[in-house]
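Trainee: Heads up, the sequence shown is in our numbering, so the first residue is 8 and it goes up one at a time. Below: one structure in structure tokens.
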Amino acid sequence: MSNLERWQGRVALITGASSGIGRATARALAEGGMRVAVCARRADRLQTLSAELNTLGADTLSLQADLRHSEEISHVFSEIRRQWGGVDVLVNNAAIGHKESLVVGNPDHWREMWELNVLGLSLCTQNAIEDMRRRGDDGYVIHLSSMAGHRQNPAGSGNGMYTATKRAVLALTEALRRELRDMKSGIRVSAISPGVVETEFAGQYFQSSEIAREIYSRFHPLQPEDIADIIVYFLSCPPHVQIHDILVRPTDQPT
């Protein structure tokens with residue numbers, strides 16, 4: 008794994024950090040010498056994570072927040088600014104998926120996906136870039152998209168709206184890259200589009216731990232640490248290198 012020397016002592020915010028990819032990323036960046044702010048809805052999980060990061064000798068800040076609400080996003084960034092002056096790296100990991108038909112699906116679930124996966128991500132990005140520009144115009148924004156953002160799953164999968172949100176994340180990645188380039192900013196933006204990662208996502212999406220176990224037993228799935236390693240790789244690249252999007256799937260994943 009490449010090192011994070013140029014980021015040591017600087018501030019990373021990881022959203023959706025209470026489990027899975029967010030949790031693994033928080034550990035990886037803490038081990039790399041970064042100050043780490045973690046936020047999620049589950050306060051008990053965040054407290055456990057913060058305790059683990061503290062054993063690594065990391066400076067940590069734990070912030071409970073529901074990123075569907077703009078006032079809670081404002082609170083997260085206010086606390087980070089008060090404690091450490093702002094954010095240098097943002098990992099937009101928080102997201103939710105619901106198995107909902109486009110024909111008869113629950114509009115409340117559609118709305119929740121857009122509010123978190125797209126609008127929450129965008130508001131976090133806007134706040135982080137404000138910090139990064141004030142702190143030397145040097146920072147990194149990393150969006151977690153999905154293989155679903157690149158292709159549609161078979162009929163009956165019920166992921167049409169979720170797919171739309173992840174495709175939107177890819178569009179936002181490119182639009183932000185162009186805006187930052189036009190501003191002659193040193194801030195970089197990248198996306199990661201994973202295939203099947205063994206997290207709590209499948210159990211939540213299908214509302215069934217049994218279905219999740221069956222899915223993860225079909226082949227050797229990616230692990231959260233695999234995605235955290237890619238995030239560390241992004242950050243270890245020199246400032247003139249901007250990776251746009253990495254598509255990564257388990258070797259045996261068929262689609």
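Glycine residues also receive a C-beta, built at the ideal position from the N, C-alpha and C atoms.
(1) Rank PRO228, VAL239, ALA235 and HIS251 by C-alpha distance to the C-alpha of THR262 and give the top, closest one.
(2) So, for ILE289: in the same chain, excluding its five sequence neighbours on each side, which residues have a beta-carbon less than 8 Å away from its beta-carbon?
(3) Return helix, strand or coil for LEU109, following the three-state DSSP convention.
(4) Between which two residues does the alpha helix (DSSP H) containing THR62 stretch?
(5) Using beta-carbon positions only, say whether ASP115 and THR180 come within less than 8 Å of one another.
(6) Measure the alpha-carbon distance for ARG42 versus ASN61 and round it to whole angstroms.
(7) Less than 8 Å between the beta carbons of THR32 and ASN100, yes or no?
(8) Looking only at its own chain, which residues have a Cβ that is under 7 Å from the Cβ of ASN134, when we skip the five neighbours before and after it?
(9) If you pair each beta-carbon of the segment 209–223 with each one of the segment 20–35, do three or more pairs fall below 8 Å?
(10) Pull up the distance between the alpha-carbon of LEU128 and that of ARG75, whole angstroms please.
(11) So what's VAL204 in DSSP terms, helix, strand or just coil?
(12) When you compare each of SER26, TRP14, LEU36 and ALA102 to ALA175 by their alpha carbons, which one comes out closest?
(13) For the candidate residues SER215, ARG142, GLY165 and ASP73, whose alpha-carbon lies nearest to that of LEU130?
(14) In whole angstroms, what separates the C-alpha of PRO201 from that of ARG34?
(15) On the DSSP letters alone, give me the boundaries of the beta strand (DSSP E) that ASP252 sits inside.
Mentor: According to the data block:
(1) Walking along the sequence shown from the start, residue 262 turns up at place 255. Comparing Cα-Cα distances from THR262 to each of PRO228, VAL239, ALA235 and HIS251, the minimum goes to PRO228.
(2) Because residue 289 is not part of the residues shown, which for the chain are 8 to 262, the question remains open.
(3) Taking the first residue of the sequence shown as position 1, residue 109 is located at position 102. Coil at LEU109, not helix or strand.
(4) As a working note, residue 62 is residue 55 in the sequence shown. That run of the alpha helix (DSSP H) goes 50–62.
(5) The sequence position of residue 115 within the sequence shown is 108, counting from 1. The sequence position of residue 180 within the sequence shown is 173, counting from 1. No, these two residues do not count as a Cβ contact at 8 Å.
(6) Along the sequence shown, read from residue 1 onward, the residue named residue 42 stands at position 35. Along the sequence shown, read from residue 1 onward, the residue named residue 61 stands at position 54. One Cα belongs to ARG42, the other to ASN61, and the distance between them is close to 11 Å.
(7) Locating residue 32 in the sequence shown gives position 25, where the first residue counts as 1. Locating residue 100 in the sequence shown gives position 93, where the first residue counts as 1. Yes.
(8) Numbered from 1 along the sequence shown, position 127 holds the residue referred to as residue 134. Answer for ASN134: ILE80 and PHE84, listed in chain order.
(9) no
(10) Counted from its first residue, the sequence shown places residue 128 at position 121. Counted from its first residue, the sequence shown places residue 75 at position 68. For LEU128 and ARG75, the distance between alpha carbons rounds to 9 Å.
(11) By one-based count along the sequence shown, residue 204 stands at place 197. Three-state result, VAL204: strand.
(12) Here residue 175 is taken as the residue at index 168 of the sequence shown, counted from 1. Comparing Cα-Cα distances from ALA175 to each of SER26, TRP14, LEU36 and ALA102, the minimum goes to ALA102.
(13) As a working note, residue 130 is residue 123 in the sequence shown. Per the Cα distances, ASP73.
(14) Here residue 201 corresponds to residue number 194 of the sequence shown, with the count starting at 1. Here residue 34 corresponds to residue number 27 of the sequence shown, with the count starting at 1. Near 19 Å, if we compare the C-alpha coordinates of ARG34 and PRO201.
(15) Taking the first residue of the sequence shown as 1, we reach residue 252 at position 245. From DSSP, the beta strand (DSSP E) with ASP252 extends over 252–255.
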